[in-house]
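Below you'll find the structure, written out as structure tokens, and then a few comments.
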Amino acid sequence: MSAAQEPAVNQRLAVTMGLNKEEYVRIRELLGRKPTYTELGITAALWSEHCSYKSSKVYLQEFPTQGEHVLQGPGENAGIVDIGNGWVAAFKMESHNHPSFIEPYQGAATGVGGILRDVFTMGARPIACLDSLRFGAIDAPRMKHLIDGVVRGIGDYGNCVGIPTVGGETGFHSGYDNNILVNAFALGVARRERIFNAVASGPGNPLLYAGSRTGRDGIHGATMASESFGAESESKRPTVQVGDPFTEKVLLEACLAVMRTDAVVAVQDMGAAGLTSSAFEMADRGGTGLRLDLDRVPLREKGLSPYEIMLSESQERMLLVARRGREEEVARIFERWGLEVSEIGEVTEDGMARIKAGRKEVANLPIAPLGKNAPMYRRPVEAPKDLSKRQAPPEVPQPDDLAGTLEGLLGTPELGDKSWIWRQYDHTVRTNTVIGPGGDAAVLLLKGTPSGLALTSDVNPVYCSLDPSSGGSQAVAEAVRNLACVGAEPIGLTDCLNFGNPEDPTISWQFRECVHGMAAACEALDVPVISGNVSFYNETEGKSIPPTPTVAMVGLIPDLASLPVAHFTNSGDRVLLLGEDYGEFGGSAYLRLLHGVEQGRPPKVDLRAEERLADLLRFLAFEGILRTAHDLSEGGLAIALAEATIDGGLGADLAVDIDPVRLFSETQARAIVAVAPHDVERIMEEATEFEVPITELGSVGGDRLKVRCDGATLDAQVEDLYRSWSTALPRALDF
Amino acid sequence: MAVKARITVYPRPEILDPQGKAITGALGRLGFGQVTDVRAGKSFEIELSKKGRNVEKVLAQMCEQLLANTLIEDYSVELLDGGAKK
Amino acid sequence: MAVKARITVYPRPEILDPQGKAITGALGRLGFGQVTDVRAGKSFEIELSKKGRNVEKVLAQMCEQLLANTLIEDYSVELLDGGAKK
Amino acid sequence: MRCGVVVFPGSNCDHDVYHVLKHVLDQEVLFLWHGDADLRDCQLVVLPGGFSYGDYLRAGAMAVHSPILEEVRRHAESGGQVLGICNGFQILLETGLLDGAMRRNRSLRFECRDVYLRVERDDLPFTSDYDQGQVLRMPIAHAEGSYIGSEEMLDELEESSRVVFRYVTPDGADATGEDEERWNVNGSARAIAGVCNEAGNVLGMMPHPERCAEQVFGNVDGLAVFAAVAGAGARGLGVLS
Ligand SMILES: Nc1ncnc2c1ncn2[C@@H]1O[C@H](COP(=O)(O)OP(=O)(O)O)[C@@H](O)[C@H]1O
Ligand SMILES: [Mg+2]
Chain A
-19 MSAAQEPAVN QRLAVTMGLN KEEYVRIREL LGRKPTYTEL GITAALWSEH
31 CSYKSSKVYL QEFPTQGEHV LQGPGENAGI VDIGNGWVAA FKMESHNHPS
81 FIEPYQGAAT GVGGILRDVF TMGARPIACL DSLRFGAIDA PRMKHLIDGV
131 VRGIGDYGNC VGIPTVGGET GFHSGYDNNI LVNAFALGVA RRERIFNAVA
181 SGPGNPLLYA GSRTGRDGIH GATMASESFG AESESKRPTV QVGDPFTEKV
231 LLEACLAVMR TDAVVAVQDM GAAGLTSSAF EMADRGGTGL RLDLDRVPLR
281 EKGLSPYEIM LSESQERMLL VARRGREEEV ARIFERWGLE VSEIGEVTED
331 GMARIKAGRK EVANLPIAPL GKNAPMYRRP VEAPKDLSKR QAPPEVPQPD
381 DLAGTLEGLL GTPELGDKSW IWRQYDHTVR TNTVIGPGGD AAVLLLKGTP
431 SGLALTSDVN PVYCSLDPSS GGSQAVAEAV RNLACVGAEP IGLTDCLNFG
481 NPEDPTISWQ FRECVHGMAA ACEALDVPVI SGNVSFYNET EGKSIPPTPT
531 VAMVGLIPDL ASLPVAHFTN SGDRVLLLGE DYGEFGGSAY LRLLHGVEQG
581 RPPKVDLRAE ERLADLLRFL AFEGILRTAH DLSEGGLAIA LAEATIDGGL
631 GADLAVDIDP VRLFSETQAR AIVAVAPHDV ERIMEEATEF EVPITELGSV
681 GGDRLKVRCD GATLDAQVED LYRSWSTALP RALDF
Chain B
4 MAVKARITVY PRPEILDPQG KAITGALGRL GFGQVTDVRA GKSFEIELSK
54 KGRNVEKVLA QMCEQLLANT LIEDYSVELL DGGAKK
Chain C
4 MAVKARITVY PRPEILDPQG KAITGALGRL GFGQVTDVRA GKSFEIELSK
54 KGRNVEKVLA QMCEQLLANT LIEDYSVELL DGGAKK
Chain D
535 MRCGVVVFPG SNCDHDVYHV LKHVLDQEVL FLWHGDADLR DCQLVVLPGG
585 FSYGDYLRAG AMAVHSPILE EVRRHAESGG QVLGICNGFQ ILLETGLLDG
635 AMRRNRSLRF ECRDVYLRVE RDDLPFTSDY DQGQVLRMPI AHAEGSYIGS
685 EEMLDELEES SRVVFRYVTP DGADATGEDE ERWNVNGSAR AIAGVCNEAG
735 NVLGMMPHPE RCAEQVFGNV DGLAVFAAVA GAGARGLGVL S
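Protein sequence lines, in the order shown, are assigned to chains A, B, C and D.
Here this note's numbering is used: position 248 in the first sequence is 228, and no number is missing along the way.
Each number in this note's numbering comes from the position in the second sequence (counting from 1) with 3 added on.
Each number in this note's numbering comes from the position in the third sequence (counting from 1) with 3 added on.
Each number in this note's numbering comes from the position in the fourth sequence (counting from 1) with 534 added on.
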């Protein structure tokens, strides 16, 4: 398409590209003239919700972002924490929800690709991934196809690049029937002195383009031009991006190799909004300007317009700022890995982006007003009208058969075994995986040191939907608890905040409340937020997803020698319950999965109690006393005990002085532990010292799980529990 | 009467074809420098127990529903001569 | 003159084709009960910059050396009409 | 022993093998670049796992034509030791240094999990620290690991004792009936997990011994493969029970 065919720039076009009236006026005023077609496209992309965070920024400021380990907080491609012995970890999480709903395989695969690039852009070698998935009801239309595609996509991409997926979570809820969530997390490590920032500096330095050629992929629906484009050119533009993990792998190696020289100043991947966002963001951070010559951008097909080149989201591409005079050295390294490098422009001083195609200047835009100083909104908020009705205390029916109830819960895809998923992911490559998927938190070895890293991702969308603030706190608290179960101290978190349309006041309210709850928990539990991502507009036909603020947290384990596991390992070990139950059933798995009720206030989050519990667990793990530690979450004590027996095939004989239904209560700040009998006295003392309520339940052993309660006994064969649990997902999927 | 058909599925021309790209490169390294482009697709040979009236339509339905991902792939259907061919 | 060819690679008849079997099953579950057998193979569309004399032989070499594993796969080569086709 | 680990652009277990040879077994180890036709006097050459060229087309197919493979072939033919793990095994099959071929797993999915192997031969340089019949637990991680060949070829393989590892049940029995699907995860012909050449100096195996070679993973069943061939004597290291 030549410039002559470009549609006329006016307010209507701006609106079809996703800008509102005020924003269109603002860019006209900024420029003192009408923007060109390409300029308007660039502006619309940079001011899109996805790139500008315009509706979320005001709230995100609430998060604590400082901490003793933090070297790089939010604002870069990934955050960075110090993990000791001269090493740092860079990590981030990102959503790929919409692409995955359209084309699950490629959508999920390119999600993994994008997050890996965010990490190695910082000079860190990716060593682990997590994936947090939310699907609709398994029987919803297309759902099995979506599940299959997403899992294959994540697997094929990560497996090929050679980064283990060591954990994650998978939820099912009809609230995601028309909008599934795919949140991908990656973590990389680097020597402290090798950290890289994506800051374009040094006017005169060349801008280099490396990796795959640019095609028409994924030029976004939101920024897509008006009807006048014609059906033909529209059909030429695939909205689905195809990933090439092999190219990603060589790009990764080449970038890390180049970053070991000092021939490059900055590196950034071309993610959402492609060349536009990578170029503008790098210059914005450096307070510099840039000049681009689009004729030099390597193209996959002929005839791309400047607009298309600037906004293409072709995958596996990087933009580098090299030191002037060192270009050849850079090119040689990329060539060794079979990749092309082209010089497509240079850094300038004047804070302007000047973009040329042919002999024409197609854009001349000021950088900071489009980036750092993009519009920011405080959207109207309003609590949903039906909130108090939904929060009304639910009726809690008594279970008639405890073993049957437990097996019923274990047999749901929600609480059943997820190994059908994570067996399709290579989780042992790189030989760092000490605990892979299936435990409370994944544990990675840091080779050459005694210490380890622990990773977990958590959120309970049902809690968040019943009480966003408390749900937000709970996600953070549960992550801390999962880490504490392997003796890890949290050093930072990243998040993916998945919500509906922020222009709807009730959604903005949910968002504000969730962030507020998360921030409070982060403060109280001393976990800084070092990176993250907001995904709005997760709705279909006006129906929004449940608020889903996914939290991925990273912890440090000082010494792996005394690592507890999540299941029972020794006959004769004594089982103890830490924490106290208040019989809370609002939003519980028991009511939702067995009685179809999603009502009530979710369990209270007592941050002080969480802190004391986590301190105690870490201390006991470090002292080497714990053989088993497993936190209580969905399904309460019954599910936690069942999980602890299933994995090791060892039963337990226990008694607890409660009403039987309370086995399924989801009161927070609790965990079960198992210790050698001679350590019982010690653990009692320590619990008292740490002010954590403790109850001795009984002993590990046999092939049955027996729990005597007031007036009833849960008595189940471990083998039967295992069968219900392990067949739950494959049975539901029926592949 | 039995009938046999061949279905061919290719990535759409504007869609990145990483496999085709890799094969082009590998053929070049093998000395087949004259190869300028390779597209990699799938081929299915399908046997149906009876011809029916709308066999082509039925085959197209199979493509739409299972064999091709029409968002990123094109397919073509070809009837092989009536079950005779082995 | 440029030339275009199609190469088709199939698992040998005596080799069990798990993918073909799976597709047969899936089509059956989708209601295409008349499908009795599916073989799943690969198809490559190759563009060569020049025709040369022995283009068929060259294509066969590509198959032998790279595109097919002749231990378990058969291939066939077909010239598409001389570069005219887009 | 001087050991070389071949690095293809898409290798991703190269560092894992290097780590075991170098840091666990204290051997001299070099990375060998696929584009260099030079083994740099290495006595043991390891083709590691990964996706050498993205595994497009067929796993291992494109790696066969790398310059280094000519040298690997020469090394093997002159009696030098070659070990192919996972993708390395697939490459050895594609080169013809080992007999057979690979199809996609029977599930048509990538499978990453522990399996059990029975050692069928303990007289190879790679297996001399095991006992015949010994059962090993090892992780697999592959999508194309269903070993296949013509019936005659398989018969010949068995007659000349070239099956080195076989997928079995945890107690070492042949997996039959319902067990077959469970323990011969990828559906390999005759449950074959690893084979060698006639001379016994080239071994290919799908499971990953380098992923179970340190105590911290709770499994050191794989260490002896490297220890034996490198002459480091795993028994001497006291890591075998
Ligand atoms: N999509 C997934 N990818 C990888 N691992 C998963 C996935 N879903 C669940 N898992 C693993 O299964 C285990 C159970 O998950 P979950 O029930 O969410 O744990 P918890 O309640 O302790 O947070 C975890 O170890 C988790 O890592
Ligand atoms: Mg847990």
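Quick reminder that beta carbons are idealized off the backbone N, C-alpha and C, glycines included.
What you are looking at is a predicted structure, and each value in this text was computed from that prediction instead of being measured.
| Check | Outcome |
| --- | --- |
| With a CB to CB cut of under 7 Å and the five nearest residues on each side skipped, what residues in its chain are close to A:C235? | F100, V247 and M298 |
| State the start and end residues of the unbroken alpha helix (DSSP H) segment that holds A:F602. | L587 to E603 |
| CB-CB under 8 Å to D:G770, same chain, minus the five flanking residues each way: which ones, in chain order? | The pLDDT assigned to D:G770 is 42, lower than 50, so where the model puts this residue is not dependable, and the model offers no usable value. |
| Quick one: which unbroken beta strand (DSSP E) runs of 3-plus residues sit fully inside the segment 358 to 435 of chain A? Chain order, please. | 413 to 415 and 422 to 425 |
| Here's a check: name, in chain order, each residue in its chain whose Cβ is nearer than 6 Å to the Cβ of C:V45, leaving out the five neighbours to either side. | The residue asked about is misnamed: residue 45 of chain C is Lys in this sequence, not Val. Contacts found: V12. |
| Would you mind working out which of A:T256, A:G567 and A:L26 sits nearest A:E646, comparing C-alpha positions? | A:G567 |
| When you compare the CB of B:Q22 with every CB in chain D, is at least one pair closer than 9 Å? | yes |
| If we count the other Cβ atoms within 10 Å of its Cβ and call it buried at 16 or more, is B:K89 buried or exposed? | The pLDDT assigned to B:K89 is 35, lower than 50, so where the model puts this residue is not dependable, and the model offers no usable value. |
| Whole beta strand (DSSP E) runs in the segment 725 to 775 of chain D with 3 or more residues, listed along the chain? | 726 to 730 and 736 to 739 |
| Are the C-beta atoms of D:Y650 and some chain A residue less than 9 Å apart? | no |
| When you measure from the CB of A:E646 to every non-hydrogen atom of ligand 1, does any distance come out below 8 Å? | no |
| What span of residues does the alpha helix (DSSP H) with A:C31 cover, start to end? | E29 to S32 |
| Just to confirm, does A:W705 get its C-beta within under 8 Å of one of the non-hydrogen atoms of ligand 1? | no |
| Since I believe A:P44 is in contact with A:V509 (beta carbons under 8 Å), could you give me their beta-carbon distance rounded to a whole number of angstroms? | 7 Å |
| For the beta strand (DSSP E) containing B:I49, name the first residue and the last one. | V38 to L51 |
| With a threshold of 8 Å, establish whether the CB of A:L597 neighbours any heavy atom of ligand 4. | Ligand 4 is absent from the structure shown, which contains only ligand 1 and ligand 2. |
| Using a Cβ cut-off of 7 Å, which residues of the segment 583 to 596 of chain D contact any Cβ in chain B, in chain order? | Y587, G588, Y590, L591 and M596 |
| If you drop the 5 nearest sequence neighbours on each side, which residues of the same chain put their C-beta closer than 6 Å to that of A:L167? | A69, F71 and A108 |
| From the DSSP output, in three-state form, read off A:L270 for me. | strand |
| What do you get for D:S694, buried or exposed, if any count of 16 or more other CB atoms within 10 angstroms of its CB means buried? | exposed |
| Less than 9 Å between CB atoms is the rule here; does A:L425 satisfy it with respect to chain D? | yes |
| Using a Cβ-Cβ cut-off of 7 Å (strictly less than) and excluding sequence neighbours within five positions of B:L70, which residues of its own chain qualify? | I10, V12, F47 and Y78 |
| Helix, strand or coil, according to DSSP, for B:Q22 in the structure here? | helix |
| Bridge partners for D:C646 per DSSP, in chain order? | D:A675 |
| Relative to the C-alpha of D:E692, which residue among D:V754, D:D633 and D:V736 is closest? | D:D633 |
| Just to confirm, does A:P417 get its C-beta within under 8 Å of one of the non-hydrogen atoms of ligand 1? | yes |
| Can the beta-carbon of A:I127 be found closer than 9 Å to that of A:V220? | no |
| Between the alpha carbons of A:G133 and D:Y590, how many angstroms are there, rounded? | 15 Å |
| Please state the DSSP three-state secondary structure of D:A723. | helix |
| Is A:T45 helix, strand or coil by DSSP? | coil |
| Cβ of D:R643 less than 9 Å from any chain A Cβ? | yes |
| Quick check on the DSSP output: what are the complete beta strand (DSSP E) runs of length 3 or more inside the segment 79 to 164 of chain A, in order along the chain? | 105 to 115 and 145 to 152 |
| What are the start and end residues of each continuous alpha helix (DSSP H) run of 4 or more residues lying completely inside the segment 238 to 289 of chain A, in chain order? | 254 to 266 |
| Per the contact definition of three or more C-beta pairs closer than 8 Å, is the segment 545 to 553 of chain D in contact with the segment 741 to 754 of chain D? | yes |
| Specify, as a first and last residue, the run of the alpha helix (DSSP H) that A:C444 falls within. | P441 to L446 |
| Kindly indicate which three-state DSSP category A:V179 falls into: helix, strand or coil? | coil |
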